[in-house]
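Q:
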Amino acid sequence: MNSVLDEYQEEELAEQPLQLVHFDEYIPSQSPERLAEVRLNREIIAASRHLKPRTISAITAVLNGMTLKDAGVKFRMHASTIANNMKREYGAMLVSALTRLYSLRDGTRYSQRELMLYRIACRNELTDPRTSIAALAEINRTKNDTPEAKARAKQNLDISQQPQVIIQLADPRLTASPLDELPPTMKDIN
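Residue numbers (my numbering): 8 to 197.
(1) For the alpha helix (DSSP H) containing residue 48, name the first residue and the last one.
(2) Run the CB neighbour count on residue 140, radius 10 Å, all protein chains shown included, and call it buried at 16 or more, exposed below.
(3) So, does the CB of residue 83 fall closer than 8 Å to a CB anywhere in chain D?
(4) For a quick check, are the C-beta atoms of residue 47 and residue 111 less than 8 Å apart?
(5) Taking the alpha-carbon positions, what's the residue 106 to residue 147 distance?
(6) With a cut-off of 8 Å on the beta carbons, I'd call residue 54 and residue 104 a contact; round off their distance for me.
(7) Decide yes or no for the touch test of the stretch 57-70 against the stretch 85-99: beta carbon pairs closer than 8 Å, at least 3 of them.
(8) Give the straight-line distance between the Cα atoms of residue 76 and residue 86, rounded to the nearest whole angstrom.
(9) What are the boundary residues of the alpha helix (DSSP H) that includes residue 61?
(10) Return the chain-ordered list of same chain residues with a C-beta closer than 7 Å to the C-beta of residue 79, the five sequence neighbours on each side being excluded.
(11) Give the straight-line distance between the Cα atoms of residue 73 and residue 82, rounded to the nearest whole angstrom.
(12) Kindly list the residues whose CB is nearer than 6 Å to the CB of residue 182, restricted to its own chain and excluding five residues on each side of it in sequence; keep chain order.
(13) By the 10 Å Cβ neighbour count, where 16 or more other Cβ atoms means buried, how is residue 142 classified, buried or exposed?
Written out as structure tokens, the structure reads:
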């Protein structure tokens, strides 16, 4: 059983900022995304201490895409029990922290890759333009690989399904006008 003092220390620990002696942007463990992930892990641990391991497993399974019914069968719980546990104080804290952690990890992967490729493109712009162009091409390709871009692509119509318009410029039914004639200086060049 946790005492009141332990609960107070947990909350205080979760709210404390991490102290850094020296910040270096090239050290991954000191990046703001990593520090946010550490804080979220603290929140998850604080919420998990008040829940049973089976409940934690069921909640994480539901958040990872399993239906309530399937999670109930797997963890030998009723689906409504899992739903109620997710709505209670510590269950809701766990759901909130896990959701933010999953979105942070997805966003961090893409933003870190994009930042690294951008630095490569900037460094090699004058010395090795091919590397710079390849890095920019990779940035453009990875921007289309994000979950948001994939969702947008699902909503849009496929290019092959859109009607195609054919414009024929050399139509024999149209007569030539004086504007179609090249000026005398241009005739000599051709």
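Glycine included, C-beta positions come from ideal geometry on N, C-alpha and C.
A: Reading off the structure:
(1) Against the sequence shown, residue 48 aligns to sequence position 41. Here the alpha helix (DSSP H) through residue 48 covers 39-55.
(2) Here residue 140 is taken as the residue at index 133 of the sequence shown, counted from 1. With fewer than 16 Cβ atoms within 10 Å of its Cβ, residue 140 is classed as exposed.
(3) No chain D appears in this structure, which consists of one protein chain only.
(4) The residue you call residue 47 lines up with position 40 of the sequence shown. The residue you call residue 111 lines up with position 104 of the sequence shown. The answer is yes: Cβ separation under 8 Å.
(5) Along the sequence shown, one-based indexing puts residue 106 at 99. Along the sequence shown, one-based indexing puts residue 147 at 140. Looking at the two C-alpha atoms, the distance is approximately 27 Å.
(6) Counting from one through the sequence shown, the residue named residue 54 turns up at place 47. Counting from one through the sequence shown, the residue named residue 104 turns up at place 97. Yes, they are in contact, since the Cβ atoms of residue 54 and residue 104 sit about 6 Å apart, within 8 Å.
(7) yes
(8) The count along the sequence shown starts at 1 and reaches residue 76 at position 69. The count along the sequence shown starts at 1 and reaches residue 86 at position 79. The alpha-carbon atoms of residue 76 and residue 86 are separated by roughly 5 Å.
(9) To locate residue 61, count along the sequence shown from 1; it is residue 54. It spans 60-70 - the alpha helix (DSSP H) in which residue 61 sits, taken as one unbroken run.
(10) By 1-based counting over the sequence shown, the position of residue 79 is 72. Cβ within range, chain order: 85, 86, 89.
(11) Sequence index remark: in the sequence shown, residue 73 carries index 66 (1-based). Sequence index remark: in the sequence shown, residue 82 carries index 75 (1-based). Spanning the two alpha carbons is a distance of roughly 12 Å.
(12) Translated into the one-based positions of the sequence shown, residue 182 becomes position 175. Taken in chain order, the list of residues that qualify is empty.
(13) The count along the sequence shown starts at 1 and reaches residue 142 at position 135. Buried, since its Cβ has 16 or more Cβ neighbours within 10 Å.
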